[in-house]
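*Asks:* Letter by letter, the sequence shown follows residues 14 to 129 of this note's numbering.
Ideal placement from N, C-alpha and C gives every residue a C-beta, glycine not left out.
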Amino acid sequence: MIVGIGVDLVELYRMEKIIKESPRFVQKVLTPEEYRCFEQKKGRHQVEYLAGRFAAKEAFSKAWGTGIGKLTFQDIEVLNEANGRPYVAFSPHAGRVHISLSHSEMQAIAYVILEK
Numbered sequence: 014m015i016v017g018i019g020v021d022l023v024e025l026y027r028m029e030k031i032i033k034e035s036p037r038f039v040q041k042v043l044t045p046e047e048y049r050c051f052e053q054k055k056g057r058h059q060v061e062y063l064a065g066r067f068a069a070k071e072a073f074s075k076a077w078g079t080g081i082g083k084l085t086f087q088d089i090e091v092l093n094e095a096n097g098r099p100y101v102a103f104s105p106h107a108g109r110v111h112i113s114l115s116h117s118e119m120q121a122i123a124y125v126i127l128e129k
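1. Less than 8 Å between the CB atoms is what I'm expecting for residue 64 and residue 121, so what's the real figure, rounded?
2. May I ask you to list the residues that DSSP assigns as paired with residue 109?
3. Once the 5 residues before and after residue 38 are set aside, which same chain residues still bring their CB inside 8 Å of it?
4. Give a yes or no on contact between the stretch 75-86 and the stretch 16-28, applying the rule of three or more CB pairs nearer than 8 Å.
5. Among residues of its own chain, excluding the 5 on either side of residue 123, which ones have a beta-carbon nearer than 6 Å to its beta-carbon?
6. Which value, in whole angstroms, describes the spacing of the CA atoms of residue 44 and residue 89?
7. Residue 109 to residue 117, Cα distance in whole Å?
8. Here's the rule: buried if 16 or more other CB atoms are within 10 angstroms of the residue's CB, otherwise exposed. What is residue 100?
9. Taking a contact to mean a Cβ-Cβ separation below 8 Å, would you say residue 47 touches residue 66 in this structure?
10. Please classify residue 128 as buried or exposed, where buried requires at least 16 other C-beta atoms within 10 Å of its C-beta.
11. For residue 65, name the three-state secondary structure that DSSP assigns.
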């Protein structure tokens, strides 16, 4: 049974600016394992990675029904399987979490469905 749906859209230029001007914010958004993956990427791929994780966590918080104010970015970890498919490694939700991430030249989007 679906108990929550969330979506979030992020402008890539905002994340590019954050990477350049607020590196501490990057560490606030990403868990240690996500940050390790982020550091392995370069240039545009870092921007897309950060934007996708930010959008995913915002989308999760909307599906959860609280917004990011009641959760922290560190409460949710989004990693990738070997084939590239994203998955939620941990979160406060005890049920199943479905996640889809995508990006274009200018935006990243995340869609999250929570099941009981």
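*Replies:* Reading off the structure:
1. Contact flag correct, Cβ pair sits at about 4 Å.
2. Paired residues: 128.
3. Setting aside the 5 residues that flank it on each side, residue 38 is surrounded in the same chain by 31, each with a C-beta closer than 8 Å to its C-beta; the list follows chain order.
4. Three or more pairs of CB atoms, one per stretch, sit closer than 8 Å, so the stretch 75-86 contacts the stretch 16-28.
5. So the list reads 21, 68, 69, 72, 114, once near-sequence residues are dropped.
6. Approximately 8 Å, taken between the alpha carbons.
7. Annotation: residue 109 to residue 117 spans about 27 Å, alpha carbon to alpha carbon.
8. Exposed.
9. Yes, they are a contact pair.
10. Burial call: exposed.
11. Looking at residue 65 - three-state DSSP - the assignment turns out to be helix.
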